[in-house]
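What follows is a short report on a single structure.
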Amino acid sequence: MKFFIDTANLDEIKEANDLGVLDGVTTNPSLMAKDGVTGKDSILKRYVDICNIVDGDVSAEVISTDFNGMVKEGEMLASLHKNIVVKVPMIKEGVKALKYFSENGIRTNCTLVFSAGQAILAAKAGADYVSPFMGRVDDTTWDGTDLIDQIAVIYGNYGFETEILAASIRSPLHIVKCAEIGADVVTCPLKSIMGLLNHPLTDIGLAKFLADYKKGNK
Ligand code: G3P
Numbered sequence: 196m197k198f199f200i201d202t203a204n205l206d207e208i209k210e211a212n213d214l215g216v217l218d219g220v221t222t223n224p225s226l227m228a229k230d231g232v233t234g235k236d237s238i239l240k241r242y243v244d245i246c247n248i249v250d251g252d253v254s255a256e257v258i259s260t261d262f263n264g265m266v267k268e269g270e271m272l273a274s275l276h277k278n279i280v281v282k283v284p285m286i287k288e289g290v291k292a293l294k295y296f297s298e299n300g301i302r303t304n305c306t307l308v309f310s311a312g313q314a315i316l317a318a319k320a321g322a323d324y325v326s327p328f329m330g331r332v333d334d335t336t337w338d339g340t341d342l343i344d345q346i347a348v349i350y351g352n353y354g355f356e357t358e359i360l361a362a363s364i365r366s367p368l369h370i371v372k373c374a375e376i377g378a379d380v381v382t383c384p385l386k387s388i389m390g391l392l393n394h395p396l397t398d399i400g401l402a403k404f405l406a407d408y409k410k411g412n413k
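Numbering of the sequence shown is given in the working numbering, commencing with residue 196 and proceeding in unit increments.
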């Protein structure tokens, strides 16, 4: 399973990258705004800065909602760095753009996916990644893991090569659930990645090992 971090914050990206388990980064306009990155030039510079930290796929989202605009923007984003994956929303024009990009060697991540039907369209259009938003599905009292499970079955039935990138991850438990059901990728906040480290018995065990070492080495 690949680990992506879901942020535009460079310090968080560096911290996750230093852990040695990071495979990529996802961003979106909300995450850019949350980190105070506004304006086209600053946003493009941030993509390049991220690509210079992480040796892996970096999703950069188009703002256009029409086919021609998405194509123009996606081509410009892809030209920024070889690691860029163009993030395209699951709308009618987006499906057309996904198909165009897949035929023209530009890698894509289809975002804002909330149903298996949408995931089928994304795969048919040749998306490299599909992003079901697990946490936001949970927010509606449906189970996000069921959606990911359903997409995995469908993709398996037909040998679709689109990778399932579980997004809107809110906790370490979400990550573990995604691993159990075989999501290809999870994109998570730093807090959820670091949360995987925690277990009180590890802390108690380490404290005892260190105390015993001290006793024997006075
Ligand atoms: O990867 C998508 C993500 O950024 C959305 O997360 O927590 O806003 O639903 P959230």
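Just so you know, even glycine gets a beta-carbon here, dropped at the ideal spot from N, CA and C.
Open item on the list: Contact between the segment 278-298 and the segment 261-270 is defined here as three or more beta-carbon pairs at a separation below 8 Å; is this criterion met?
Closed with: yes
Task: Local conformation of Val371 per DSSP, three classes - done: Counted from its first residue, the sequence shown places residue 371 at position 176. Helix at Val371.
Open item on the list: Does Asp252 come out as helix, strand or coil in the three-state DSSP assignment?
Closed with: Within the sequence shown, residue 252 is the residue found at index 57, counting from 1. Three-state DSSP puts Asp252 in a strand.
Task: Distance, Ala211 Cα to Asp250 Cα - done: Residue numbering aside, residue 250 sits at position 55 when the sequence shown is read from its first letter. Residue numbering aside, residue 211 sits at position 16 when the sequence shown is read from its first letter. Computed Cα separation, rounded: 12 Å.
- [ ] Following the continuous alpha helix (DSSP H) through Asp261, name the residue where it begins and the one where it ends.
- [x] Counting from 1 along the sequence shown, the entry for residue 261 is found at position 66. Per DSSP, Asp261 belongs to no alpha helix (DSSP H) and is neither H nor E.
Task: the segment 371-378 / the segment 309-323 touching (three or more Cβ pairs under 8 Å) - done: no
Open item on the list: Here's the rule I'm using: 16 or more other beta-carbon atoms within 10 Å means buried, otherwise exposed. How should Phe199 be labelled?
Closed with: In the sequence shown, the residue the question calls residue 199 occupies position 4. With 16 or more Cβ atoms within 10 Å of its Cβ, Phe199 is classed as buried.
TODO: Please find out if some non-hydrogen atom of the ligand G3P comes closer than 7 Å to the beta-carbon of Thr221.
DONE: Position 26 of the sequence shown, counted from the start, is the residue given in the question as residue 221. Thr221: yes, Cβ under 7 Å from the ligand G3P.
Task: Continuous alpha helix (DSSP H) stretch holding Thr335: start and end - done: For the purposes of this step, residue 335 is taken as residue 140 along the sequence shown, with counting starting at 1. No alpha helix (DSSP H) holds Thr335; DSSP gives it neither H nor E.
TODO: Take the Cβ of Tyr408 as the centre, count every other Cβ of all protein chains shown within 10 Å, and call the residue buried at 16 or more, exposed below.
DONE: Indexing the sequence shown from 1 puts residue 408 at position 213. So Tyr408 ends up on the exposed side.
Task: Three-state secondary structure assigned by DSSP to Pro284 - done: Sequence index remark: in the sequence shown, residue 284 carries index 89 (1-based). It is a strand residue.
TODO: Using three-state DSSP, classify Ile364 as helix, strand or coil.
DONE: The residue you call residue 364 lines up with position 169 of the sequence shown. Three-state DSSP puts Ile364 in coil, outside helix and strand.
Task: Close Cβ partners of Ile208 (< 7 Å) along its chain, the five nearest in sequence each way excluded - done: Reading the sequence shown from its first residue, position 13 is the one you call residue 208. Correct list, in chain order: Ile200, Thr202, Val220, Ile245, Ile248 and Val249.
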